[in-house]
Every structure is written in structure tokens, then in C-alpha cells.
Amino acid sequence: MTNQLQADMPPLTKLLIIETTGPMASVALIDENRHIVERLNDTRYSHLEELAPMIGALMSEHGVEAESIDAVAVSRGPGSFTGIRIGMVTAKALALVWQKPIVEVPSLESFAYHEAFRPGALVVPVLDARRSQIYAGAYRKTEVHEVTEVIGEGAHDPEAFLDLLASRQQEGEVAQFCGDGAGVYAQVLERYAKPFVFVEGAGEVQQAQAAAQLALNLWRSGKAVDAAAASPEYLRVSEAERKRNERCRK
140 MTNQLQADMP PLTKLLIIET TGPMASVALI DENRHIVERL NDTRYSHLEE
190 LAPMIGALMS EHGVEAESID AVAVSRGPGS FTGIRIGMVT AKALALVWQK
240 PIVEVPSLES FAYHEAFRPG ALVVPVLDAR RSQIYAGAYR KTEVHEVTEV
290 IGEGAHDPEA FLDLLASRQQ EGEVAQFCGD GAGVYAQVLE RYAKPFVFVE
340 GAGEVQQAQA AAQLALNLWR SGKAVDAAAA SPEYLRVSEA ERKRNERCRK
């Protein structure tokens with residue numbers, strides 16, 4: 140499914156954005172004027188089969204050739220370990236073939252760039268990290284395309300994270316919980332003592348159009364790397380790696 144936010148992509152700076160850290164993959168193109176076209180996949184966790192065709196279809200639909208892409212941006216995590224790997228491998232392959240740099244996009248921070256959140260919003264993305272933990276952060280949206288970090292990305296005990304959030308939340312602010320962890324840990328989050336809401340619908344999950352806004356900011360700040368230097372951010376080892384490490388210590 141294509142979400143056409145802007146019909147034409149004029150010959151300006153262009154970034155290709157890949158988002159696979161959540162349950163549904165999405166890809167987008169953004170230019171220097173923040174015109175965006177986006178393609179979403181409605182099938183959950185079908186990234187491996189659908190990602191490459193989605194990229195090809197998006198570029199073909201809008202007449203964008205590889206030569207006109209200035210950089211490949213990819214959500215680096217945290218999120219689904221498998222999804223992160225698929226997105227990063229795909230981005231690195233394209234960047235190497237096209238001889239383009241990569242922009243690594245923090246997936247938690249990208250939530251705050253979703254158009255559903257207005258300036259002044261305190262956006263609190265919460266992802267289920269399993270083993271009674273969450274990946275979480277908090278970001279204050281200062282302008283339409285500008286965000287300040289309140290709590291950096293990390294793996295947390297839910298109760299400990301809420302204590303930290305309460306110490307950073309300003310008078311009159313309403314914490315806006317989003318991400319799949321908000322549902323999984325709803326009973327814990329509902330005990331939060333300060334004002335909050337659960338975000339539903341737009342802005343609830345990771346999306347390329349939001350990652351694109353952050354990617355453009357990073358690109359303009361010179362924060363692109365060679366494909367070989369790009370790396371995922373898992374925040375902790377996978378369950379398989381943890382079990383393997385435990386066996387090695389025995």
C-alpha cells in the first residue's frame with residue numbers, strides 16, 4: 140500500500156529510508172524540502188519477502204533512479220532483532236552497490252517525528268524487550284521537525300523507567316506512550332502517577348515517514364557513514380546469544 144504524501148519528487152536531495160524494526164515494514168523517500176512518499180506493508184513480520192519489492196515499487200512509481208539517491212537511511216534499532224538485521228543488511232547492500240553513504244536512524248527517537256505528535260508533545264516510545272524489560276526513551280517535540288532528548292534510548296525495568304520519567308516530566312506535560320510495549324505493559328504504565336495517555340492509531344508503531352524526518356536532520360548535520368561502518372543497535376544481546384554465552388560459561 141502506498142501512502143502518497145507528495146505526488147512528485149523533484150530533482151533535489153533525496154534519501155531512501157528503510158524501517159523494519161517493528162511489526163510492519165515501510166519505506167519512504169524524502170527530499171530536502173521534506174516532501175515524502177511512503178510505501179507500507181500491512182502484513183506483519185513479512186520483511187524478508189516484501190522489503191526489496193517495496194523499495195523497487197516505490198522508486199519506480201515516483202520515477203526515482205538509484206543515481207538520484209544521495210544516501211540510504213535505515214532504522215538501526217532497537218526493536219525486533221530479526222527486523223533490524225533485515226533492514227540493516229538491505230541498506231548496506233544497496234549502499235555498496237549504489238556507492239552511497241548510510242544514515243543510521245535511532246528507531247525510538249524517530250517515533251517523536253511522526254506527524255501525529257504536535258510541538259510540545261512529550262513522546263514516550265515503549266517497546267517490548269522481553270524478559271520483563273522494555274526498550275524506552277522520552278523525547279520532547281520542540282518544533283514540527285525538531286526534538287530534544289529527555290531520556291535516551293535504553294533497556295529498562297518498566298517500574299524503574301517510570302520513576303526516571305516522573306523525574307523528567309515537566310509541570311503540565313502529558314506523557315504520550317506509544318509502541319508495542321505500551322500495550323504489553325499497560326497494567327504497569329497505568330499506575331504511572333503523572334498525566335499520561337496511550338497513543339492509538341497513527342504514531343503507535345514505527346513508520347518510515349517519521350524516520351525520514353529524523354534522517355534528513357541527521358543527513359544535514361553530516362551524520363552519514365560508509366556502508367561498512369554502519370551497525371545495528373540492539374541495546375542488549377539476543378536470546379539465542381544469551382543462551383549460547385551461558386552454555387560457554389558452564
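At position 9 of the sequence shown (counting the first as 1) the number is 148 in our numbering, and the numbers step up by one without a gap.
For each residue, glycine too, the CB sits at the ideal point set by N, CA and C.
**OP:** On a CA-only basis, which of ASP209, PHE220, PHE256 is nearest VAL242? Give me that one, please.
**Re:** Looking at ASP209, PHE220, PHE256, the one whose alpha-carbon comes closest to that of VAL242 is ASP209.
Original post:
Counting Cβ pairs, one atom from each stretch, are 3 or more of them under 8 angstroms apart for the segment 180 to 196 and the segment 252 to 262?
Top reply: The segment 180 to 196, when compared against the segment 252 to 262, does not touch it at the 8 angstroms Cβ threshold.
**OP:** Please say whether PRO297 and TYR324 have beta carbons closer to each other than 8 angstroms?
**Re:** Cβ atoms of TYR324 and PRO297: closer than 8 angstroms.
Original post:
With burial defined as no fewer than 16 other Cβ atoms inside 10 Å of the residue's Cβ, what is the status of GLN352: buried or exposed?
Top reply: Around the Cβ of GLN352, a 10 Å sphere holds 16 or more other Cβ atoms; the residue is buried.
**OP:** Starting from the Cα of GLN238, find the closest Cα among TYR373, SER199, ALA367, ARG279 and give me that residue.
**Re:** Considering only alpha carbons, the answer is ALA367.
Original post:
What are the start and end residues of the alpha helix (DSSP H) that includes VAL327?
Top reply: Looking at the DSSP string, the run of the alpha helix (DSSP H) that includes VAL327 is 325 to 328.
Original post:
Which residue from PHE316, ALA354, GLN326 puts its Cα closest to that of VAL336?
Top reply: It is PHE316.
**OP:** Look at the alpha carbon of LEU247 and the alpha carbon of LEU154, and state the distance between them as a whole number of angstroms.
**Re:** Those two C-alpha atoms are separated by around 20 angstroms.
**OP:** Using the DSSP secondary-structure output, state which residues sit across from ILE169 in a beta bridge.
**Re:** ILE169 pairs with LEU154, ILE175.
Original post:
Shortest alpha-carbon distance to ARG257 belongs to which of ALA277, HIS284, SER370, ASP267?
Top reply: Comparing Cα-Cα distances from ARG257 to each of ALA277, HIS284, SER370, ASP267, the minimum goes to HIS284.
Original post:
Just reading off the beta strand (DSSP E) that LEU197 is part of, what are its end residues?
Top reply: Taken as a continuous stretch (DSSP letters only), LEU197 belongs to no beta strand (DSSP E), being part of the alpha helix (DSSP H) at 186 to 200.
**OP:** Could you tell me which uninterrupted alpha helix (DSSP H) segments, each at least 4 residues in length, are contained entirely in the segment 247 to 313, listed from first to last along the chain?
**Re:** DSSP assignment within the segment 247 to 313 yields the following whole alpha helix (DSSP H) runs of 4 residues or more, N-terminal first: 297 to 307.
Subject >> Among THR160, GLU189, SER360, nearest to ALA268 - alpha-carbon criterion >> reply: Cα-wise, what sits closest to ALA268 is THR160.
**OP:** Following the continuous alpha helix (DSSP H) through ARG183, name the residue where it begins and the one where it ends.
**Re:** Boundaries for ARG183: no alpha helix (DSSP H) harbours it, and the DSSP string shows neither H nor E there.
**OP:** Pull up the DSSP beta-bridge partners for SER214, would you.
**Re:** SER214 is bridged to VAL244.
Original post:
Under the three-state reduction of DSSP, which class applies to VAL228: helix, strand or coil?
Top reply: VAL228: helix per DSSP, three-state reduction.
Original post:
According to DSSP, which residues form a beta bridge with GLN315?
Top reply: Its beta-bridge partners are VAL262, VAL336.
Original post:
So does the segment 288 to 306 actually touch the segment 326 to 333, counting three or more Cβ pairs closer than 8 angstroms?
Top reply: Segments in contact, yes.
Subject >> Rounded distance between the beta-carbons of ALA341 and ALA230, thought under 8 angstroms >> reply: Rounded, the Cβ-Cβ distance is 25 angstroms, inconsistent with contact.
Original post:
How close, in whole Å, do the beta carbons of ALA354 and ALA212 come, if the pair is a contact with beta carbons under 8 angstroms?
Top reply: At roughly 4 angstroms, the Cβ-Cβ gap stays under 8 angstroms, so ALA354 and ALA212 are in contact.
Original post:
Helix, strand or coil: how does DSSP classify VAL236 here?
Top reply: Looking at VAL236 - three-state DSSP - the assignment turns out to be helix.
Original post:
What is the C-beta distance between ALA191 and GLU177, in whole angstroms, given that I count them as a contact (C-beta under 8 angstroms)?
Top reply: That pair is no contact at about 17 angstroms.
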